[in-house]
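Numbering (our numbering), first residue to last: 16 to 268.
And the structure:
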């Protein structure tokens, strides 16, 4: 799909992957608007200040963007939590689900009517391999991304005849400030492969450009996603060592 003059709205566009994706899209001639919680100024990029962490904040953002003619919505913003499920506060849990799941769903709902009227549009949801391989100690994060994957698949089937494309991109661990020190240490002791944000941004860019359906990044994660779907008990056994290492990191005795 030619991207010149296409109006693209990106949540999380000021982050490590998001800023690199913006550069790629700008070089293709796209008209970029990003959503940022902080008041910032970026060259050649329109910035809308918005808070995705509450339903009220999402509603306020929708008021700002629903009248804009958007060709492509990229739901990239996300947060994660690493720790025991019961130790994550209710406020932090609500915030995580708001940013990772409710914001993409509600923004998509808000922009679908105009896309249907035009008979064209593209919604890109950036999830995670953790949405398909649900990791212990990432319970809220994994389940939010699993929900995003389910939403993507169902919506794709619903709007198939409306000229609207729906894409799901699932990166694995990436070198950004998204990761806390404990997550970085978990990745180190489990020998988790970590990708460069520039490479991930390029893959998302290509997914947008070619209107791909599902893009799972990295090997062996691609294989593990398929194995988990077909043989989940096999993956349970394979992840035991990872679980034990996480517990030793979170609750050293």
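Heads up, the beta-carbon is just placed ideally off N, CA and C, and yes, glycines get one too.
At least 8 Å separates the beta-carbon of residue 87 from that of residue 152.
About 5 Å separates the beta carbons of residue 142 and residue 164, which is inside the 8 Å limit, making them a contact pair. Only residues of its own chain outside the window of five on either side were considered, and among them 212, 215 and 216 have a CB closer than 6 Å to the CB of residue 32, listed in chain order. Sequence-distant Cβ neighbours of residue 209 in its own chain, meaning closer than 7 Å and more than five residues away, are 188, 189, 190 and 202. Separation of residue 250 and residue 105 (C-alpha to C-alpha, rounded to the nearest whole angstrom) is 29 Å. In this model, residue 254 and residue 98 are separated by some 16 Å (Cα to Cα). Under the three-state reduction of DSSP output, residue 69 falls in the coil class, being neither helix nor strand. Under the DSSP assignment, residue 19 falls outside any alpha helix (DSSP H); it carries neither an H nor an E label. Between the alpha carbons of residue 127 and residue 76 lies a gap of roughly 15 Å.
The Cβ atoms of residue 167 and residue 181 sit closer than 8 Å to each other. A check of alpha carbon separations from residue 170 across 257, 157 and 228 identifies 228 as the nearest. Residue 47 places its beta carbon less than 8 Å from that of residue 23. Here residue 231 is buried, its C-beta having at least 16 other C-beta atoms within 10 Å.
Apart from sequence neighbours up to five positions away, the residues of its chain that approach residue 148 with a beta-carbon distance below 7 Å are 239, 240, 243 and 250, ordered along the chain. Taking C-beta separations shorter than 6 Å and ignoring five residues to either side along the sequence, residue 235 has no partners in its chain.
Residue 90: member of the beta strand (DSSP E) spanning 87-90, first to last residue. Apart from sequence neighbours up to five positions away, the residues of its chain that approach residue 218 with a beta-carbon distance below 6 Å are 232, ordered along the chain. Beta-carbon to beta-carbon, residue 62 and residue 56 are separated by about 7 Å, close enough to satisfy the 8 Å threshold.
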